[in-house]
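Notes follow once the structure below has been shown.
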Amino acid sequence: MDRPFAITLEVGSSLANKTGAWRTERPVYLDRFPPCNQNCPAGENVQGWLYHAESGDYETAWRILVDDNPFPAVMGRVCYHPCQTACNRGRLDEAVGINAVERFLGDEALRRGWTVPVEAEPSGKRVLVVGAGPAGLSAAYHLVRLGHEVTVVDSAEEPGGMMRYGIPRYRLPRDVLAAEIQRILDMGVRFEAGRTVTDLRAEMERYDAAFLAVGAHVARRAYIPAGDSARILDAIKMLRDTAEAEPPQIGRRVVVYGGGNTAMDAARTARRLGATDAVVVYRRTKDRMPAHESEVADAEAEGVRMKWLSTIARADGGKVLIERMRLDETGFPQPTGEYEELDADTVVLALGQEPDLALLEGLPGVEIDKGVVRVGPNMMTGYPGVFAGGDMVPSDRTVTVAIGHGKLAARHIDAWLRGTQYTPPPPPPPATYDRLNTWYYSDAPAQLRPRLEVARRITTFDEVEGGLDESTALFEARRCLSCGNCFECDNCYGVCPDNAVIKLGPGRRFMIDYDYCKGCGLCAAECPAGAITMVPEET
Amino acid sequence: MFQVRIHGRGGQGVVTAAELLSIAAFLEGRHAQAFPTFGSERTGAPVVAFCRIDDRPIRVREPVARPDALIVQDATLLRAVNVFDGLGPDAYVLVNTTRDLRELGAAEAVATLRPERVRTVPATALAREHLGRPVPNAVLLGGFAALTGLVSLESVCAAIRQRFAGRVADGNVAAAERAYAYVSATTKEAIDA
Amino acid sequence: MPVQEIKFYQTGSLVVGNRLLDPERRTVQADPGRPNTLTSGHRACQGCGEALGARYAVDAAHRATGGRIVVVNATGCLEVFSTPYPETSWRVAWLHSLFGNAPAVATGVAAALKVKGRTDVRVVGQGGDGGTVDIGFACLSGMFERNDDVLYICYDNQAYMNTGVQRSGATPPAARTATTQAVGPEPGNPFGQGKNAALIAMAHEIPYVATATVADLRDLEYKVHRAMEFRGARYLHVLVPCPLGWATASSDTIRVARLAKESGLFPVFEAEHGEITAVSKIRRKVPVEEYLRAQGRYAHLFGDPPRTDVIAALQALADRNIRRFGLLDEEG
Amino acid sequence: MLKQTEGSQAVAEAVALCRPEVICAYPISPQTHIVEGLSRLVKSGALAPCEYVNVESEFAAMSVAIGASAAGARAYTATSSQGLLYMTEAVYNAGGLGLPIVMTVANRALGAPINIWNDHSDAMSQRDSGWLQLYAEDNQEAADLHIQAFRIAEELSLPVMVCMDGFVLTHAYERVDLPSLRQVDAFLPPHTPSQVLDPDDPVSIGAMVGPEAFTEVRYLAHLRHLRALEVIPKVAAEFAAAFGRDSGGLVRPYRLDDAETVIVAMGSVLGTLKDVVDERRAHGERVGVLAITTFRPFPFAAVRRALRGARRVVVLERTLAVGVGGVVTDHVRAALADAAPEPGGAVPYLRTVIAGLGGRPVTTASLHGMLDRAVTDRLDPLTFLDLRHDLIDREARRERAAERV
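Protein chains in written order, with the working numbering: chain C, 64 to 602; chain R, 47 to 239; chain Z, 7 to 338; chain L, 27 to 431.
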């Protein structure tokens with residue numbers, strides 16, 4: 064076709080006009096730190112594994128999960144999920160049920176028998192782990208994967224520590240726990256049961272490093288004037304005996320003294336052991352209770368009564384004398400001199416626990432402070448090569464925190480064994496709610512986990528909370544907003560008026576074509592996840 | 047060159063008459079040119095159309111000022127406009143009426159003309175009779191053929207059939223033939239007289 | 007186990023694409039191989055809603071027809087920024103004639119294609135609001151009335167932007183333009199003026215009429231596809247914010263369009279043969295004030311003292327739309 | 027085939043013989059009979075394939091033609107007077123885009139005052155629209171010019187306006203010889219556009235061109251019009267060969283050999299003029315007529331050649347450039363000025379006669395009267411033929427009085 068000069072033009076010829084020169088700001092992709100990841104004590108890449116769960120690729124999701132945490136099935140049951148407390152979706156409708164999805168993945172892995180390969184070259188180094196609780200097993204798991212030879216010793220007959228002896232079955236079925244522990248042992252971790260380490264110094268002759276995670280099993284006692292006939296138990300012991308199928312005789316009326324999670328476990332266990340009347344006595348108010356609110360709610364649902372602002376003045380002859388308290392301006396409880404009486408066949412003390420640090424005696428350089436071992440930022444005690452974590456070091460005493468300690472310690476131990484330094488990468492900028500464009504997230508209510516009806520809960524130790532099925536777990540995973548990280552929604556690609564966004568294909572995200580990008584900022588404004596930022600051009 | 051001027055009112059087919067006449071002449075191998083005095087035609091308004099007939103090509107486009115023949119389709123125009131304007135002594139005049147031209151106040155105007163060349167014909171009546179409609183234009187052409195002999199009755203009828211079809215054609219042809227006969231007769235009388 | 011309909015954000019009809027959808031359910035704009043009928047290098051302003059809307063719509067038409075389209079463009083921003091000698095940004099057969107005749111030129115193209123038996127090739131006419139609802143309106147109405155086989159798309163940015171933001175028949179009340187300045191006792195465009203082109207199109211009872219905005223791509227693409235299922239005259243009225251004329255941030259183009267719809271000021275609906283067949287419900291209702299505040303052309307309403315009376319009058323217009331078109335769900 | 031028919035009908039049939047593919051028109055007197063005839067032919071199926079589009083205005087008519095032509099169809103429309111003005115913007119656009127559209131202009135005066143009768147004011151108003159303009163002398167030529175117009179338009183990729191006097195020709199019954207479809211097909215090949223809207227070979231037509239290239243675009247358009255000065259006579263010659271009739275071309279001299287006085291004119295008045303010239307020649311007066319058939323592009327050389335030797339040139343104009351006088355006169359003057367060998371060289375005595383405005387008949391009597399004065403060198407430089415002083419003297423006096431106050 065002979066084309067008339069100037070009036071008729073070759074299609075697409077404007078590509079010669081590089082409009083990028085107009086730009087005063089340039090869009091840049093970045094990955095922000097999602098609040099779920101930021102708040103996970105175990106350092107899980109929550110959003111990372113949700114991304115794969117969303118597409119139904121549960122195995123990849125699980126593998127990313129166990130990269131940080133070998134106990135998804137356990138976590139999915141007992142973790143108090145601070146990730147969900149921090150979840151940005153909570154401000155939109157309800158937080159994503161991360162914990163529920165984690166449990167689904169954990170159970171799925173057990174059902175399908177997924178295992179974690181050990182790929183690292185053997186380092187020839189030998190590490191002793193004292194304590195087969197969450198911290199110890201977590202450390203062992205990571206150390207094995209790093210190529211080290213690991214021996215775990217525990218004074219108990221079975222591995223699991225508090226997970227087995229502290230947490231009641233109705234919260235964490237034993238078969239689940241056992242399966243996830245077995246998966247770790249199958250990776251080549253040596254476990255010595257029923258062995259209590261007393262002389263660590265001697266042990267260190269045979270090991271290149273040690274990680275101590277003996278937990279806190281020694282019940283804190285409080286002096287309660289009591290008559291001979293008064294029956295008083297430790298919550299810890301009560302729970303342990305119950306776990307070992309030798310439940311104590313507690314009668315029909317039980318008073319639990321304390322306000323922590325252990326108190327709740329004790330009260331709920333008491334109900335299951337036949338107590339018709341279980342009362343928790345706590346000296347402060349409900350909102351000051353250390354117990355997790357979900358635990359309190361469960362306990363109340365199961366008929367446990369709460370007596371706030373109360374202390375036990377005396378216990379005797381099937382009765383306890385309760386003194387009413389009031390909080391002073393500092394929030395500290397003060398006695399009021401008002402009393403009341405409660406019937407009680409048994410008083411269970413749940414006033415907290417302390418670690419048994421006998422094994423550290425004579426180990427130079429190790430500092431003990433307020434009953435716990437002081438460790439550096441690298442989890443190492445004052446004695447070179449001896450690291451510690453879990454309940455025996457200063458921190459929140461949760462399974463999740465312990466697992467996090469195990470992982471962190473493992474990395475430092477590995478570095479120490481190799482004569483290097485482990486420095487975690489600096490955290491990316493936070494993915495705050497205000498950076499999201501929430502318009503793009505369609506409304507999707509959180510999926511509820513089935514719960515056992517109360518009648519069965521108080522008569523059996525069956526698991527109280529059920530799991531999600533495949534479709535509800537998928538739905539829940541897909542509620543993730545992918546805060547601060549590109550999830551390939553194609554918005555930037557679609558909304559650019561200058562076709563200046565290049566789509567790189569599945570999993571490869573996008574690229575800005577600065578030849579044509581005029582810097583209007585639409586891509587950044589319309590990115591649902593806030594994963595694009597505008598930076599000024601140097602002029 | 048023979049020039050015809052046709053007077054009538056809008057709706058009487060004045061322009062068509064001029065066109066039919068030109069077709070009749072064309073069918074006889076002559077050159078002919080028909081055209082109206084243009085305007086936005088409105089029923090009832092005085093309308094004039096022209097027809098020139100010649101043996102050689104006709105180039106002139108001016109209105110016919112000196113007609114060799116005049117066809118008046120509506121006798122009421124005789125008083126309204128000066129239809130006789132520019133008429134020469136040998137001109138032909140054909141008026142559609144049942145009455146005598148003297149009654150119509152045209153006596154003076156026609157006095158100077160040759161009597162046998164001034165005719166009336168009841169074209170509207172004939173049209174009504176044969177078409178059922180008072181449209182005298184084609185009918186008058188039959189009379190015109192008889193009066194002037196410029197075109198044959200056959201050509202006029204052929205022109206009518208070229209332009210119209212069916213009942214309308216038949217009716218017009220029949221009426222034109224009647225008009226032809228009527229005018230032939232009265233002309234003969236006039237000559238004989 | 008009954009698989010429940012998954013309606014999370016990525017399959018919800020809100021984002022452009024979705025890595026988890028079957029390819030045929032994805033948008034044209036999400037497709038790496040999309041036609042980019044209006045390609046890079048055009049001279050539209052940063053954040054131009056019209057450039058965006060035009061690529062959305064023409065790409066969709068291109069997809070719906072397998073690339074068998076001819077586009078006729080009225081004079082205006084779109085034409086000027088896309089085809090200044092020696093470069094054109096169009097990658098389809100495209101013709102620009104005049105400001106006021108695009109619908110008629112499109113009719114001519116359609117007539118030619120019909121005569122040549124090339125009914126596989128479809129004609130798209132397009133222009134801005136001025137070229138459509140004002141100077142081109144007679145031609146548009148004629149094209150509608152004859153029911154010519156043309157999809158006409160109006161990219162409505164509510165004023166004559168190409169000439170420097172003068173008032174058009176589509177300029178909304180109270181809006182400031184260069185010819186309805188924000189001065190005097192009743193600043194901005196007078197109330198009680200302007201025309202609703204979509205409703206007038208419907209009055210022609212043509213096969214298909216729809217409105218859309220650049221804030222809902224899926225809806226826009228769906229409507230172009232739907233329009234292409236009909237033969238005869240079709241009209242699509244697309245709201246395309248103009249950062250220059252509306253005095254909005256270039257990055258706000260889509261947000262402002264969204265607010266126009268969510269406030270009820272710009273009803274989004276579909277009609278067939280003169281009857282409304284569907285409306286896009288308001289999802290998160292916002293007061294018109296939120297929409298107005300985002301735009302400098304309404305800045306005079308928020309001075310000291312603010313013109314609460316005018317804002318209320320605009321809110322009343324939005325509320326009227328909401329009632330008239332049923333833009334809110336009963337529970338909503 | 028020879029037939030006695032109306033000018034409009036003859037043109038409609040001639041256009042139909044050219045197999046137009048898209049016809050679009052809006053009614054206006056005196057163009058109506060042409061498009062009525064065409065719509066009948068399309069509706070009846072006699073003219074197929076063809077789309078007849080009843081548009082809502084002349085502006086739309088030309089716009090539809092533009093779209094159709096750009097899409098590769100042979101497009102035709104017709105209009106008059108105000109209609110032509112109403113489509114003016116699109117007329118220029120078609121010219122600028124070089125779309126080979128053919129349009130009949132049934133010439134009519136421009137208001138106000140509104141006047142439906144014939145003169146050339148409408149077509150003259152579009153003389154610089156980039157269209158070629160051909161003027162028909164009679165209905166035979168009107169028919170022939172349309173057949174040639176499509177050839178010329180498509181050969182040059184330029185639109186062509188065929189001008190025929192409203193009513194005088196469009197409504198006149200006379201004999202016209204219309205060729206057969208086969209003959210026309212042989213003369214006018216199928217349209218192969220130089221550019222076309224095609225999804226298989228897409229282009230952007232109608233770009234905005236700025237100062238950097240606009241002059242060049244216009245210059246090229248000018249060159250194309252100059253090429254038309256060669257194409258038009260060539261096509262006329264081929265037409266004569268094919269149909270055995272002379273029509274079209276640039277100019278047509280009539281009895282110019284040895285003519286001292288030459289009347290230059292366009293359109294249907296030429297017939298009357300020729301009769302007048304014949305009469306005066308019969309009395310031994312050396313007069314002739316120069317018919318200008320192609321007004322755009324203006325054939326300066328041909329006019330100059332034709333007028334060589336003339337002592338007096340009278341340009342009979344069917345339009346008035348108010349405050350100036352003749353339009354054609356200026357073109358003729360320019361042509362003659364080129365003839366002047368040296369600066370200040372002798373240029374023939376040139377007179378303008380404004381005649382037949384708004385449908386006033388141009389009569390042989392008036393032309394004789396005008397020529398009597400012309401040949402005795404008593405003709406005013408600008409003469410209004412048959413000006414009715416009885417109508418204007420009072421008004422003229424009143425205005426002069428008003429000025430004094």
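In this text, a Cβ means the ideal position worked out from N, Cα and C, and glycines have one as well.
Can you tell me where the alpha helix (DSSP H) with residue i in it begins and where it stops?
| i | result |
| --- | --- |
| Leu-240 (chain C) | 237-248 |
| Gln-108 (chain L) | 107-112 |
| His-394 (chain L) | 390-401 |
| Ser-586 (chain C) | Residue 586 (chain C) is actually Cys in this sequence, not Ser. Where Cys-586 (chain C) is concerned, the enclosing alpha helix (DSSP H) stretches over 585-589. |
| Arg-208 (chain C) | 197-208 |
Please confirm whether residue i has its beta-carbon closer than 8 Å to some beta-carbon of chain C.
| i | result |
| --- | --- |
| Leu-26 (chain Z) | yes |
| Ala-42 (chain L) | no |
| Ser-256 (chain Z) | yes |
| Gly-98 (chain L) | no |
Counting only beta-carbon atoms, is residue i nearer than 8 Å to chain L?
| i | result |
| --- | --- |
| Gln-58 (chain R) | no |
| Ala-69 (chain C) | yes |
| Gly-47 (chain Z) | no |
Around the C-beta of residue i, are 16 or more other C-beta atoms found within 10 angstroms, so that it is buried, or is it exposed?
| i | result |
| --- | --- |
| Glu-235 (chain R) | exposed |
| Met-190 (chain L) | buried |
| Pro-508 (chain C) | exposed |
| Val-181 (chain C) | exposed |
| His-197 (chain L) | buried |
| Met-574 (chain C) | exposed |
| Phe-14 (chain Z) | Because Phe-14 (chain Z) sits at a pLDDT of 41, beneath the cut-off of 50, its placement in the model cannot be relied upon, and the following sentence gives the value as read from the coordinates. Phe-14 (chain Z) should be labelled buried. |
| Phe-105 (chain Z) | buried |
| Ser-545 (chain C) | buried |
| Lys-260 (chain L) | exposed |
| Glu-421 (chain L) | exposed |
| Tyr-62 (chain Z) | buried |
| Gly-160 (chain C) | buried |
Mind pulling the chain L residues with CB within less than 7 Å of residue i?
| i | result |
| --- | --- |
| Val-106 (chain R) | Gly-297, Thr-298, Asp-301 and Thr-390 |
Going along chain L, which residues have a C-beta under 9 Å from residue i?
| i | result |
| --- | --- |
| Asn-107 (chain Z) | Phe-85, Ala-86, Met-88, Ser-89, Val-90, Ile-92, Gly-93, Glu-115, Ala-116 and Asn-119 |
| Glu-73 (chain C) | Val-229 and Ser-230 |
| His-102 (chain Z) | Ser-230, Ile-231, Gly-232, Ala-233 and Met-234 |
Check whether chain Z comes within 8 Å of residue i, counting only Cβ atoms and requiring the distance to be less than that.
| i | result |
| --- | --- |
| Asp-398 (chain L) | no |
With 8 Å as the threshold, decide whether the Cβ of residue i is near any Cβ in chain R.
| i | result |
| --- | --- |
| Ala-200 (chain L) | According to the sequence provided, residue 200 (chain L) is Glu. The question's Ala does not apply to it. Output row for Glu-200 (chain L): interface = yes. |
Run through chain R and tell me which residues come within less than 9 Å of residue i, C-beta to C-beta.
| i | result |
| --- | --- |
| Ser-294 (chain L) | Arg-107 |
Where does the unbroken beta strand (DSSP E) through residue i begin, and where does it stop?
| i | result |
| --- | --- |
| Ala-201 (chain L) | Before going on, a small fix: residue 201 (chain L) reads as Arg here, not Ala. Per DSSP, Arg-201 (chain L) belongs to the beta strand (DSSP E) from 199-203. |
| Thr-125 (chain Z) | It is not in any beta strand (DSSP E) - Thr-125 (chain Z) carries neither H nor E in the DSSP assignment. |
*asked:* As an exercise, report each continuous beta strand (DSSP E) stretch of at least 3 residues that is fully enclosed by the segment 472-511 of chain C, in chain order.
replied: Counting only unbroken stretches of 3 or more residues, no beta strand (DSSP E) element lies wholly within the segment 472-511 of chain C.
*What residue ranges within the segment 278-311 of chain L form continuous beta strand (DSSP E) runs of no fewer than 3 residues, ordered along the chain?*
Counting only runs of 3 or more, we get 287-291.
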